[in-house]
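> Heads up: the sequence shown begins at 1045 in this note's numbering, then just goes up one per residue.
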Amino acid sequence: MPSSRDRIRLSEAEQDELLEAARVLQVASILPDGRPHLVPMWFVRDDDGLLAFTTYGNAQKVKNLERDPRITVLAEAGSAYNELRGLAIDGRAETVSDPHVTARVLQLVGARYGDQPRPDPDPTLEPPPAAYKRVTVRIHPERIRSWDHRKLG
1045 MPSSRDRIRL
1055 SEAEQDELLE
1065 AARVLQVASI
1075 LPDGRPHLVP
1085 MWFVRDDDGL
1095 LAFTTYGNAQ
1105 KVKNLERDPR
1115 ITVLAEAGSA
1125 YNELRGLAID
1135 GRAETVSDPH
1145 VTARVLQLVG
1155 ARYGDQPRPD
1165 PDPTLEPPPA
1175 AYKRVTVRIH
1185 PERIRSWDHR
1195 KLG
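1) Assuming Arg-1203 is part of the beta strand (DSSP E), what are its boundary residues?
2) Per the contact definition of three or more C-beta pairs closer than 8 Å, is the region 1063-1070 in contact with the region 1116-1129?
3) Mind reading off the beta-carbon distance from Ala-1137 to Val-1181? Whole number of angstroms is fine, and I expect it under 8 Å.
4) Alpha helix (DSSP H) containing Tyr-1100: first to last residue?
5) What distance in whole Å lies between the Cβ atoms of Ser-1190 and Gly-1130, which are believed to be in contact at a cut-off of 8 Å?
6) Note down the Cα distance separating Gly-1135 from Arg-1089, rounded to an integer number of angstroms.
7) Check Ser-1073 in the structure and name its three-state DSSP category.
8) Under 6 Å Cβ to Cβ from Ile-1133, same chain only, skipping five residues before and after it: list those, please.
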């Protein structure tokens, strides 16, 4: 008989559905003194399928991730206990300072949160001024934990 943990685990398709529905990703990095640094971020799946977000290059989370690339992110949904769904991903953060990469992620974020269709990549796109002040953080997953309390019945 499967454990309750196994019963409530999200399938890959359900994980994708949750990430598509989630509007905010909770992002945890590690401060110099070892405490977690937790911030909410808008996010997208980049053209390689990795979770990605942009932020200012001098942000505390960037300093943390450049010093220690370990990252944990959480997407969740539900209000009542029996509705809770979540996806926690532990991984390695890749900080990309190329303004062309950041321009593309900014374009994807704008489409997603502006509820527009995902735009095709345009290699001739000139990065906007904001892309030179920002960096992109891409998350390379190492461990995934998920749950869906709706499956408890």
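Quick reminder that beta carbons are idealized off the backbone N, C-alpha and C, glycines included.
Short version:
1) What is shown of the chain runs 1045 to 1197, which leaves residue 1203 out entirely.
2) yes
3) Within the sequence shown, numbered from 1, the residue matching residue 1137 stands at position 93. Within the sequence shown, numbered from 1, the residue matching residue 1181 stands at position 137. The pair is a contact, with the Cβ atoms about 5 Å apart (cut-off 8 Å).
4) Within the sequence shown, numbered from 1, the residue matching residue 1100 stands at position 56. No alpha helix (DSSP H) contains Tyr-1100, which is instead part of the beta strand (DSSP E) from 1095-1100.
5) Counting from one through the sequence shown, the residue named residue 1130 turns up at place 86. Counting from one through the sequence shown, the residue named residue 1190 turns up at place 146. At roughly 7 Å, the Cβ-Cβ gap stays under 8 Å, so Gly-1130 and Ser-1190 are in contact.
6) To locate residue 1135, count along the sequence shown from 1; it is residue 91. To locate residue 1089, count along the sequence shown from 1; it is residue 45. Each residue's Cα considered, the two are about 15 Å apart.
7) Your numbering for residue 1073 matches position 29 in the sequence shown. Of the three classes helix, strand and coil, the one that applies to Ser-1073 here is strand, per DSSP.
8) Taking the first residue of the sequence shown as position 1, residue 1133 is located at position 89. So the list reads Val-1117, Pro-1185 and Ile-1188, once near-sequence residues are dropped.
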